[in-house]
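Beneath this line is the structure, given in structure tokens, with notes to follow.
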Amino acid sequence: MRFEVEPDALVRDSGRFGEAVRALDGVDVGSAVAPVAQAFPGGLTAAAIRELGVAWGDRLLRARLGLARVGMDLAAAGESYAAVEQVARRAVSGSGDLP
Amino acid sequence: MTRQLGVRDIRAFRPALVLEVVHRLEIQRRRVMGAADAALRARAAGREWRGRAATSASQAQSGAVALLGDVSARMGVTASVLRGLAARMEACLELVHRAERIARDRGAWTDADGLVQVPHRFPTGDPTMDAHVGRLDALMVNEVGRCLGEAVRVAAETDVEVQRRLRGAVADPVAPAVPDELGVVPPPPEGGVGRPDGAFANAAWWRSLTVSERRRAITQHPDWVGPRDGIPAWDRHQANLILLARLRGPAREALRRAGSIPQRTAIPTWERAKSIEAIDALLAKRDGVTRQLLLIDVSGLVVRAITTVGDIDRAGHVATYVGGFSTRPERDLRDYDDRFVGMRRLALTQTREEGDDGDVAIAIWLGYPAPQGRDGGFSSRSVLRDDTARAWADDLASFTNGIDASRDAPAHQALWAHSYGSVVTGFALQQVMRMDDVALFGSPGTSLGSVAQAGLKPGALNVLAAPTDPVPMTDWHGLDPREIPGVATLGATAALKPGATNVVLRESFLHGDYLDEGTTSEYNLAAIAAGRSDQRLPAQSDRPLAPIPPPAP
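Residue numbers (the working numbering), protein chains in the order written: chain A, 312 to 410; chain B, 474 to 1026.
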């Protein structure tokens, strides 16, 4: 097994996914389309708007969770690599000294 | 729990609010794209991080970005559908407002649910004028009803489509493509068959479509547009050219097979092919005259066609000629067109003399399968029976109603009805239709008993009968129209041309001579088309013609 990593870059990327999640915070399609029920009253569309809002909420939540998950995984991977590096460094830190 | 959309709902439509929703959605969509952009900037995996874990992380990142792309696409679809919805809501509101305007023009109004309230009309003392006013009211009620009905139908169709598309945008397994527009709402069912008020529904439907939807309807469904009364003539013309092109190839092949001398069994085939040739020849004319093809139907026993001399959409005066016994496009269209080019010129001269710069257009309405010699004397299609006239009168009424319905301002309309065409016209005039002036010539009798029955204003029913034409003496189809009280009997014998000292208009001798150039009957018919009732020449035996009163309130 061979790998090459810059753990800080992973932490930086994790932050970008966090930024993406925050960008989605203001997105609420359900609320945005809700006025359609008042603007076009009386029919199937008006009746479906609430239900559509719930579906949009689910879809956006899925996207948000997906992004957050990737972000957390990257952060965890970066921290793990940093820990491995630390352990490895510690393990080899005294190897050249005479007993 | 949903219910049927109604006029009340349409009045509550707020398309501006829907457009505001679209605007908000676009802002939110930009946020989603910003999120995707941030996620795309996370590029350590593959560059600063290599190995199996890096490959897995790269896939997870791509999946997350793809999810954002999918959300953004779905929001785009939603916004586009809502933009289409706003346009349709505007169209429905415009139909409601148009209906209100039509009602208001006659002093009537519509209530919140779209019911028309007509004010009480006090009798004028003239039963003909009262009947005329009643006819205009009935016509208005029909037009308003059809306009509102169509607004409701378009709203309901739109509702179903929008609801389905909005659901698809969020829930379909794969994001749907962004639609440019909503689908074209199909035409109203009542506008496809001969109903006098079907033209109003067609006109309202056409007004509800956007320019691009109209273009799609013409190119993708020319059969929806070409034969429909109430649609502007130029749009019908474009659709009918497509229909004509589809018919041309098979017709030529059929003609080749039929040979130059048609067999009895091949006559309909031969007539179809020759009719198409006749229409092609008319449309190919380069004499500076605008021509429009408003109908081509080869599906029946006799080919039905309507062509024009002049632009029906823009003319201030429109005359519709209804042919009689044995008229067929392949036999008569070229001849009528030649004659009407001259008669239009004559009518234009008469309008110009009065300072009226409105154009004149003439529709050659061969829109019914006229009885033919081959139909014999006893079949239901015989010229001696009125079955055909009764069956197609609605179509004539629908056609003339459609001319007004397709325009913003009505034209002065006249009917020229020759021979059996006057029988058709007699029945048509008893339908809910409006006509300014009518000329029945060479008529074998009519079902009309009075001018009031025709809903015409006093003095608007004109009759021409040449003394040597035997047909008007037959009374085959009812009363000789010259005997209708209040009818204007116009000259068909030699007379001095009005305003001239040495130009004599000729007499029409035979049943087919009324349209001949330089005859008194031709002059009278042109005066009727031009709305110049003052220029009409009475029959010599008749008293001077009474002036026609101004239009009814």
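Built from N, CA and C at the ideal position, the CB exists for glycine as well.
Inter-residue spacing [alpha-carbon to alpha-carbon] between residue i and residue j
i       : j      : result
A:W367  : B:P660 : 34 Å
B:A489  : B:L767 : 38 Å
B:P941  : B:A674 : The residue asked about is misnamed: residue 941 of chain B is Thr in this sequence, not Pro. If I take the Cα positions, the gap works out to 45 Å.
B:A546  : A:P346 : 21 Å
B:M474  : A:A359 : Any reading at B:M474 must be qualified, since the residue scores a pLDDT of 45, below 50, and its modelled position is unreliable; no value is offered.
B:L540  : A:D384 : 17 Å
B:N713  : B:L756 : 12 Å
B:V538  : A:R370 : 14 Å
B:M602  : B:V960 : 14 Å
B:D482  : A:G353 : 6 Å
B:S892  : B:L716 : 31 Å
B:G850  : B:R561 : 53 Å
B:D1007 : B:T974 : 18 Å
B:A485  : B:R640 : 23 Å
B:A925  : B:G985 : 29 Å
B:E686  : B:D829 : 36 Å
A:R313  : B:A511 : 29 Å
B:S855  : B:T781 : 28 Å
B:V635  : B:L655 : 8 Å
B:Q477  : B:G607 : 32 Å
B:A530  : A:Q397 : 22 Å
B:L722  : B:A751 : Note that residue 722 of chain B corresponds to Gly in the displayed sequence, not to Leu. Taking the straight line joining both Cα atoms gives about 15 Å.
B:S916  : B:P954 : 7 Å
B:I691  : A:D324 : 54 Å
B:D784  : B:V569 : 28 Å
B:I876  : B:F813 : 19 Å
Cβ-heavy atom distance, residue i to the ligand MN, below 8 Å
i      : result
B:L513 : Ligands are entirely absent from the displayed structure, and the ligand MN is therefore not among its contents.
Extent of the continuous beta strand (DSSP E) to which residue i belongs
i      : result
B:L766 : 766 to 770
B:H790 : 790 to 795
For residue j and residue i, believed in contact at Cβ under 8 Å, the rounded distance
i       : j       : result
B:R668  : B:S871  : 6 Å
B:P842  : B:G773  : 5 Å
B:E935  : B:V911  : Note on identity: in this sequence residue 935 of chain B is Asn, with Glu being the wrong assignment. The pair is a contact, with the Cβ atoms about 6 Å apart (cut-off 8 Å).
B:G831  : B:A788  : 7 Å
B:A724  : B:R745  : 6 Å
B:A677  : B:E623  : 3 Å
A:A350  : B:R825  : About 52 Å; that fails the 8 Å criterion.
B:T962  : B:P1011 : 7 Å
A:V332  : A:A402  : At roughly 37 Å, the Cβ-Cβ gap does not stay under 8 Å, so A:V332 and A:A402 are not in contact.
B:G888  : B:V795  : Before going on, a small fix: residue 888 of chain B reads as Leu here, not Gly. Indeed, because the Cβ distance is near 7 Å, the residues count as touching under 8 Å.
B:G991  : B:R979  : 5 Å
B:R504  : A:L335  : 7 Å
A:V344  : A:Y392  : 44 Å between Cβ atoms; not a contact.
B:A1003 : B:Q823  : 4 Å
B:Q590  : B:A604  : Not a contact, Cβ separation roughly 21 Å.
Cβ pair residue i, residue j closer than 9 Å
i       : j      : result
A:R375  : B:R514 : no
B:C620  : B:R577 : no
B:L839  : B:R807 : no
B:A836  : B:I779 : yes
B:V1046 : B:S799 : A question about residue 1046 of chain B goes unanswered here, because the residues of chain B that appear run from 474 up to 1026.
B:S994  : B:A939 : yes
B:A884  : B:H790 : yes
B:L937  : B:F914 : yes
B:T551  : B:V643 : yes
B:G703  : B:G664 : yes
B:V1037 : B:T919 : The requested residue 1037 of chain B is not part of the displayed model; chain B covers only 474 to 1026.
Run of the alpha helix (DSSP H) containing residue i, from where it starts to where it stops
i       : result
B:R777  : From DSSP, B:R777 is part of no alpha helix (DSSP H) but of the beta strand (DSSP E) over 777 to 782.
B:H1029 : Residue 1029 of chain B is absent from the structure shown; chain B starts at 474 and stops at 1026.
B:T551  : 525 to 578
B:D760  : Here B:D760 belongs to no alpha helix (DSSP H), and DSSP marks it neither H nor E.
B:D1072 : Lying outside 474 to 1026, the shown extent of chain B, residue 1072 of chain B is not represented and no answer is given.
B:L478  : Unbroken run through B:L478: none, as it is neither H nor E.
B:N997  : 993 to 1003
B:H496  : 488 to 513
A:V340  : 340 to 344
A:S325  : 318 to 336
A:E390  : 355 to 403
B:V976  : First-last for B:V976: undefined, no H or E at that position.
A:A348  : 347 to 350
- Sequence ranges, beta strand (DSSP E) only - wholly within the stretch 819 to 898 of chain B, length at least 3: 833 to 839, 885 to 891
- Task: Only counting runs of 3 or more residues, tell me where the beta strand (DSSP E) segments fall wholly within the stretch 894 to 960 of chain B, in order along the chain.
- Result: 910 to 914, 934 to 937
- Task: Note down, one range per segment and in chain order, each alpha helix (DSSP H) of at least 4 residues found wholly within the stretch 635 to 712 of chain B.
- Result: 671 to 681, 684 to 693, 695 to 698
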